[in-house]
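This report refers to the structure that appears directly beneath it.
2 protein chains.
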Amino acid sequence: MFELSAKPIGLDLAQTAKIVRRALDDAMIASGGSLPVWSVLISVKSRQFGHQRQLAESVGVQGATLTHHLNAMEADGLLTRRRDPANRRKHLVELTPSGEALFLRLRETAIAFDRQLRAGIGQDELELVRAVFTRLRANVAGENAEAREDAEARL
Amino acid sequence: MFELSAKPIGLDLAQTAKIVRRALDDAMIASGGSLPVWSVLISVKSRQFGHQRQLAESVGVQGATLTHHLNAMEADGLLTRRRDPANRRKHLVELTPSGEALFLRLRETAIAFDRQLRAGIGQDELELVRAVFTRLRANVAGENAEAREDAEARL
DNA sequence: ATCTAACAATTAGATATCTATTAATTGATC
DNA sequence: GATCAATTAATAGATATCTAATTGTTAGAT
Numbered sequence: 035m036f037e038l039s040a041k042p043i044g045l046d047l048a049q050t051a052k053i054v055r056r057a058l059d060d061a062m063i064a065s066g067g068s069l070p071v072w073s074v075l076i077s078v079k080s081r082q083f084g085h086q087r088q089l090a091e092s093v094g095v096q097g098a099t100l101t102h103h104l105n106a107m108e109a110d111g112l113l114t115r116r117r118d119p120a121n122r123r124k125h126l127v128e129l130t131p132s133g134e135a136l137f138l139r140l141r142e143t144a145i146a147f148d149r150q151l152r153a154g155i156g157q158d159e160l161e162l163v164r165a166v167f168t169r170l171r172a173n174v175a176g177e178n179a180e181a182r183e184d185a186e187a188r189l
Numbered sequence: 035m036f037e038l039s040a041k042p043i044g045l046d047l048a049q050t051a052k053i054v055r056r057a058l059d060d061a062m063i064a065s066g067g068s069l070p071v072w073s074v075l076i077s078v079k080s081r082q083f084g085h086q087r088q089l090a091e092s093v094g095v096q097g098a099t100l101t102h103h104l105n106a107m108e109a110d111g112l113l114t115r116r117r118d119p120a121n122r123r124k125h126l127v128e129l130t131p132s133g134e135a136l137f138l139r140l141r142e143t144a145i146a147f148d149r150q151l152r153a154g155i156g157q158d159e160l161e162l163v164r165a166v167f168t169r170l171r172a173n174v175a176g177e178n179a180e181a182r183e184d185a186e187a188r189l
């Protein structure tokens, strides 16, 4: 209609991701957490003694966003932060027993959600989708570089 | 490791969507708009004389979020809102010449972005990915219904 | 030893989104 | 015709995210 493909793949991707993310968030809330809380919990568990910089990357948010969630989770008694004695710029993040318990509960929810999510989709199809995802990310990485050059050119 | 598949498809979906969305937003900003602005512009153009309720659905946000963007875009002189004489509860949203001009500019950006995004991906692969997206949405729709029942059961 | 650059986390301020509530209008029923 | 329910948009208040600036700490250079 506007010379755009009937439905740009980026639009389909965004809408699907929004629906799925929302559903997972709902499920996590019903289990006493939230999607960001689950992301932080699994990242902390996956790399014991991780510092916040690594942690933020693992969660997939900026450092400031992580600080925000850690504040809330520390206030809720899910984790503790203390200075790394070896390098006092760094904070060591560790789960409390309460945090461990919530991790276990949310893990069940995540497993059930993932099972439901991939129902009726073959392993080969999933592999192909993952490959396309990889290509999509690579394609916009190039796009980004161009946009950055454009922006710099205007300075 | 935690009995979750190496990388849940939902996680891959979310991360890819975030990267692509961000890249498109950057491109739109470089062209003098933003992703939400582009979404509103194309939705308004697609359904001339649309009311806000339909418009919000088309954009994929809640009514309150649309109001927020319309306020900003009206302040920027991109569109006008006026009462529908036939039903004064409804507002008619229309683009100004400035809004039309921005639409044309951002359309170029969107077309270029979509071309870049799907580079090196075959039509058959895209079809399969779309089919998987449809299945993912259907799968979480069921999940949602269950969560809702759970929530109600607890009241 | 001091000074400067780099690094880690936090804070401040902005945007985008949501749900719940309110205000205005319409239509239907008594 | 008055009242009550439904509809539409706006507002209020919350959460999640970002970038930019700030604070404290470390390491390297002179």
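For the protein sequence lines, the chains are F and L, in the order given.
For what it's worth, the numbering used here labels the leading residue of the first sequence as 35, then goes sequentially.
For what it's worth, the numbering used here labels the leading residue of the second sequence as 35, then goes sequentially.
Ideal placement from N, C-alpha and C gives every residue a C-beta, glycine not left out.
Remember, it's a predicted structure, so these values are computed and weren't measured experimentally.
8 Å Cβ cutoff, residue i in contact with chain L
i: R152/F; result: yes
i: R169/F; result: yes
i: L248/F; result: Residue coverage of chain F in this structure runs from 35 to 189, which leaves residue 248/F outside it and unanswerable.
i: G66/F; result: no
i: G97/F; result: no
i: L189/F; result: Any reading at L189/F needs caution, since the residue's pLDDT is 37, under 50, leaving its predicted position unreliable; the model's value is listed next. For L189/F, the answer is no, since every Cβ of chain L falls outside 8 Å of its Cβ.
i: D118/F; result: no
Exposure of residue i, with buried meaning 16 or more beta-carbon neighbours within 10 Å
i: S77/F; result: buried
i: L239/F; result: With chain F running from 35 to 189 in the structure shown, residue 239/F is simply not present.
i: E186/L; result: Confidence at E186/L is low in this model, with a pLDDT of 47, below 50, so its placement is unreliable and the value that follows should be read with caution. Burial call: exposed.
i: N121/L; result: exposed
i: R149/L; result: exposed
i: D60/F; result: buried
i: G133/F; result: buried
i: T143/F; result: buried
i: S73/F; result: buried
i: S65/F; result: buried
i: G67/F; result: buried
i: A57/F; result: buried
i: T168/F; result: exposed
i: G84/F; result: buried
i: A165/F; result: exposed
Below-8 Å beta-carbon distance, residue i vs any chain F residue
i: G176/L; result: yes
i: D59/L; result: no
i: T114/L; result: no
i: W72/L; result: no
i: A90/L; result: no
i: A51/L; result: yes
i: G94/L; result: yes
Whole-angstrom C-beta distance between residue j and residue i, which should lie under 8 Å
i: L104/L; j: V93/L; result: With a Cβ gap of about 10 Å, L104/L and V93/L do not count as contacting.
i: V54/L; j: L47/F; result: 6 Å
i: L151/F; j: V174/L; result: 6 Å
i: L136/F; j: L75/F; result: 7 Å
i: L126/F; j: R116/F; result: 6 Å
i: T130/F; j: G111/F; result: 6 Å
i: T50/F; j: L170/L; result: 6 Å
i: L89/F; j: I43/L; result: L89/F to I43/L, Cβ: 23 Å. No contact.
i: G97/L; j: R87/L; result: 6 Å
Unbroken alpha helix (DSSP H) run spanning residue i, endpoints
i: L112/L; result: No alpha helix (DSSP H) holds L112/L; DSSP gives it neither H nor E.
i: R139/F; result: P131 to L151
i: I155/L; result: I155/L -> no alpha helix (DSSP H), and no H or E assigned at all.
i: A90/L; result: Q86 to V93
i: P70/L; result: L69 to S80
Contact set between residue i and chain L, taken where Cβ atoms lie within less than 7 Å
i: V166/F; result: I155, E159 and V163
i: G84/F; result: Near G84/F there are no residues of chain L at all, since even the closest Cβ is about 15 Å away, more than 7 Å.
Run of the beta strand (DSSP E) containing residue i, from where it starts to where it stops
i: K52/L; result: Segment I43 to A64 is the alpha helix (DSSP H) holding K52/L; no beta strand (DSSP E) there.
Under 8 Å by beta carbon: chain F residues contacting residue i
i: V54/L; result: G44, L47, A48, L170, R171 and V174
Listed by chain order, chain L residues near residue i by CB distance under 9 Å
i: G133/F; result: By Cβ distance, chain L contributes nothing, its closest Cβ being about 15 Å from G133/F, past 9 Å.
heavy atom of the ligand SAM below 7 Å from residue i C-beta
i: T168/L; result: For the structure depicted, the ligand SAM is absent and the ligand set is empty, with no information on it obtainable.
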